[in-house]
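Asker: After the structure tokens below, expect a handful of questions from me.
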Ligand SMILES: [Zn+2]
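Residue numbers (the numbering used here): 273 to 454.
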């Protein structure tokens, strides 16, 4: 087990051969800049941080990766461009499966559980490194709103950046014209 008081950076990957039996835990504050894809995607304002804890544990004969995230990001509203707080606090849980044969076992004990296959997420070398930071970033990218807007945004008119609905051309109108010429 790691010591929670150590101000170490979040590991981006952990060695399964070393930690899968004994388990692994980490907790700390991570700047959003450590998640480049996420930071790019959300156009975040300021120095957002994420309070992250994760644990790799053995349970019911399977390996599980649990994440607990506490974070509020400041993102510009897509209408008025003033900052709005987006809470992305959540809990994520993934089963880490050695191969496809384990899927049936997983679904037997937890039909709704999410999972990843080690062979698909680890580099094909002798040492299996679990990309814990990338896996978390994938989950967060799915969780964030792509176009955040104040629910009571002051700019509710469609004058800013909104494409007016133009009626689509009716294909039958052309047929009608042709028919009229016959
Ligand atoms: Zn707004």
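The beta-carbon is built from N, C-alpha and C at its ideal position, and this holds for glycine as well.
Note the first and the last residue of the continuous alpha helix (DSSP H) segment covering residue 404.
Answerer: In the chain shown, the residue the question calls residue 404 occupies position 132. Counting along the chain, the alpha helix (DSSP H) containing residue 404 begins and ends at 404 to 415.
Asker: Distance check for residue 373 and residue 347, CA to CA, integer angstroms please.
Answerer: Start at 1 with the first residue of the chain shown, and residue 347 comes out as number 75. Start at 1 with the first residue of the chain shown, and residue 373 comes out as number 101. Taking the straight line from one Cα to the other gives about 42 Å.
Asker: Between residue 324 and residue 345, is the Cβ-Cβ spacing less than 8 Å?
Answerer: What you label residue 324 is simply residue 52 of the chain shown in a count that begins at 1. What you label residue 345 is simply residue 73 of the chain shown in a count that begins at 1. The answer is no: Cβ separation not under 8 Å.
Asker: Beta-carbon within less than 8 Å of residue 405's beta-carbon, same chain only, minus the 5 sequence neighbours each way: which residues are those?
Answerer: If you number the chain shown from 1, residue 405 lands on position 133. Cβ neighbours of residue 405 beyond the five flanking positions: 282, 283, 284, 285, 306 and 307.
Asker: By Cβ distance, which residues of its chain are closer than 8 Å to residue 301, with the 5 residues on each side in sequence left out?
Answerer: To locate residue 301, count along the chain shown from 1; it is residue 29. Closer than 8 Å at Cβ, skipping near neighbours: 321, 322, 323 and 324.
Asker: DSSP beta-bridge partners for residue 294?
Answerer: Position 22 of the chain shown, counted from the start, is the residue given in the question as residue 294. Residue 294 pairs with nothing; no bridge assigned.
Asker: Distance, Cα to Cα, residue 343 vs residue 380?
Answerer: Within the chain shown, residue 343 is the residue found at index 71, counting from 1. Within the chain shown, residue 380 is the residue found at index 108, counting from 1. Their backbone Cα atoms lie some 33 Å apart in a straight line.
Asker: Any heavy atom of ligand 1 inside 7 Å of the beta-carbon of residue 421?
Answerer: Within the chain shown, numbered from 1, the residue matching residue 421 stands at position 149. Yes - ligand 1 has a heavy atom lying nearer than 7 Å to the Cβ of residue 421.
Asker: Can you give the beta carbon distance from residue 360 to residue 402, rounded, assuming they're within the 8 Å contact cut?
Answerer: The sequence position of residue 360 within the chain shown is 88, counting from 1. The sequence position of residue 402 within the chain shown is 130, counting from 1. Rounded, the Cβ-Cβ distance is 22 Å, inconsistent with contact.
Asker: Could you give the residue range of the beta strand (DSSP E) that holds residue 380?
Answerer: On the chain shown, residue 380 is found 108 positions in, with the first residue counted as 1. Segment 373 to 381 is the alpha helix (DSSP H) holding residue 380; no beta strand (DSSP E) there.
Asker: Quick check: the Cα distance between residue 400 and residue 354, rounded to an integer number of angstroms?
Answerer: In the chain shown, residue 400 corresponds to position 128, counting from 1. In the chain shown, residue 354 corresponds to position 82, counting from 1. Using only the alpha carbons, I get a separation of about 44 Å.
Asker: Apply the 10 Å Cβ neighbour rule to residue 409 and answer buried if 16 or more other Cβ atoms are within range, or exposed otherwise.
Answerer: For this step, residue 409 is matched to residue 137 along the chain shown. Result: buried.
Asker: Put residue 342 into one of helix, strand or coil per three-state DSSP.
Answerer: Translated into positions along the chain shown, residue 342 becomes position 70. Three-state result, residue 342: strand.
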